[in-house]
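So for the sequence shown, this note's numbering puts the first residue at 2; every next one is plus one.
Below is one structure, written out as structure tokens; the observations come after it.
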Amino acid sequence: MIKFNHVYKVFEKDIKALDDVTFSIEKGEFVFLTGPSGAGKTTVFNMLYREETADMGTIFVENTDIFHLAKRKIPFYRRRIGFVFQDFKLLFDRSIFENIALPLTITGAPQEFIKKTVHEAIEKIGLGGKADLNPWHLSGGEKQKTAIARATILNPPFIMADEPTGNLDEESSWQIMNMFGELNSKGTTIMIASHNKEITSRMAKRVIRLESGKVVLS
Ligand SMILES: Nc1ncnc2c1ncn2[C@@H]1O[C@H](COP(=O)(O)OP(=O)(O)OP(=O)(O)O)[C@@H](O)[C@H]1O
Ligand SMILES: [Mg+2]
């Protein structure tokens, strides 16, 4: 389902962000990607998002070699994955409602359906009453929740979340983890980068660990 095959990425100044990374994730798995700061976790996500390409190696997602994907196909590829970015990537000139609705708007869903689905998602994630606010007016945790709601609104078969609890208090963190757990039990394949040892150990899921760009546990 997701297969990294001897992937290398060197940034300037000889920083080996990924150094012969090989792992695979099966359909329906729930996997944590762990490792200290600078280990290469976000680089893995950026490659899966097709924001970065590798210097060497291949990545297959659902049997597609993503580095050989035609440019025009990238938006369709991205639609199958719900991404929660470490830096959120929210649109600051739009409301919370519009941010979360964006993936649905792009697919051309009917207005009434968008309204209902987005309002339900807003309630579920605990942002009730904030729909019309702009991201400037939200706390870090609320921005995080907006990013998670946006990533999950299309019910994508994959969810990839980069430190999704980094800005959340303990209660919200568990709420979000339970939400990911629920989606996973319905068949969504989930990959979460996390530093949080308590979460990764209590969730008792498979862990892939990176250290200095190398897989040390998978
Ligand atoms: N665009 C870039 N240009 C130069 N170096 C980069 C770039 N992106 C990442 N790096 C370097 O690659 C290494 C891996 O970075 P990455 O962001 O993947 O780590 P991370 O595991 O996500 O860390 P954190 O836990 O702090 O988010 C780091 O040394 C980082 O400085
Ligand atoms: Mg990172």
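Note that beta-carbon positions come from the ideal geometry of N, C-alpha and C, so glycine has one too.
Check each residue's C-beta against every heavy atom of ligand 1 and list, in chain order, those closer than 5 Å. Applying a distance threshold of 5 Å between residue Cβ atoms and the heavy atoms of ligand 1 selects Phe12, Ile16, Ala18, Ser38, Gly39, Ala40, Gly41, Lys42, Thr43 and Thr44, given in chain order.
So, are the CB atoms of Glu164 and Gln87 less than 7 Å apart? Yes; because the gap between Cβ atoms is below 7 Å, this pair is in contact.
Contact check, Asn185 vs Arg151, beta carbons under 7 Å: It is not a contact, given that the beta carbons lie outside the stated cut-off.
Is Gln87 a contact residue of ligand 2, with contact defined as CB to any heavy atom under 6 Å? Proximity of the beta carbon of Gln87 to ligand 2 is indicated: a heavy atom of the ligand is located closer than 6 Å.
Going by C-alpha to C-alpha distance, which of Asn197, Gly167 and Ala55 sits closest to Val85? The shortest C-alpha separation from Val85 is found at Gly167.
Return the first residue and the last residue of the beta strand (DSSP E) that Leu91 is part of. Leu91 -> no beta strand (DSSP E), and no H or E assigned at all.
DSSP puts Tyr9 in a beta bridge; with which residues? Note: Tyr9 sits in a beta bridge opposite Asp20 and Met57.
Give a yes or no on whether the C-beta atoms belonging to Met192 and Val11 are separated by under 7 Å. Met192 places its beta carbon 7 Å or farther from that of Val11.
Using DSSP with H/G/I as helix, E/B as strand and the rest coil, what is Met2? The answer is coil: DSSP assigns Met2 none of H, G, I, E or B.
Taking Cβ positions, are Lys42 and Ile97 nearer each other than 7 Å? Here Lys42 is not near Ile97, since their CB atoms are 7 Å or more apart.
Per-residue burial, Leu218 [other beta carbons within 10 Å of its own, 16 or more giving buried]: Counting every other CB atom within 10 Å of its CB across the protein chains shown gives Leu218 a total below 16, marking it as exposed.
How close, in whole Å, do the beta carbons of Gly141 and Gln176 come, if the pair is a contact with beta carbons under 8 Å? A Cβ-Cβ separation of about 16 Å leaves Gly141 out of contact with Gln176 under the 8 Å criterion.
Which residues in the same chain as Leu91 place their Cβ atom closer than 7 Å to its Cβ, once the five residues preceding and following it in sequence are excluded? Here the set comprises Asn100, Pro136, Lys144, Thr147 and Ala148.
Element boundaries [beta strand (DSSP E), containing Lys215]: Element bounds for Lys215: Lys215 to Leu218.
Any chance you could list the alpha helix (DSSP H) runs of at least 4 consecutive residues sitting entirely within the segment 57-135, in chain order? Fully contained in the segment 57-135 are the following alpha helix (DSSP H) runs of length 4 or more, in chain order: 75-80, 97-107 and 112-126.
Using 7 Å as the threshold, is the C-beta distance between Thr44 and Ala18 below it? With contacts defined by Cβ atoms closer than 7 Å, Thr44 and Ala18 form a contacting pair.
Between which two residues does the beta strand (DSSP E) carrying Ile209 extend? Segment Arg207 to Glu212, the beta strand (DSSP E) holding Ile209.
Taking the C-alpha atoms as reference points, what is the distance between Phe114 and Gly83? Distance between the alpha carbons of Phe114 and Gly83: 19 Å.
Would Thr201 pass as a contact of Thr54 if the rule is Cβ separation under 7 Å? It is not a contact, given that the beta carbons lie outside the stated cut-off.
Would Glu212 and Ala71 qualify as a contact pair, given that the criterion is a beta-carbon distance under 7 Å? Result no, Cβ atoms of Glu212 and Ala71 do not sit closer than 7 Å.
Let's see if you can read the secondary structure: which residues bound the alpha helix (DSSP H) around Ala40? From DSSP, Ala40 is part of no alpha helix (DSSP H); its letter is neither H nor E.
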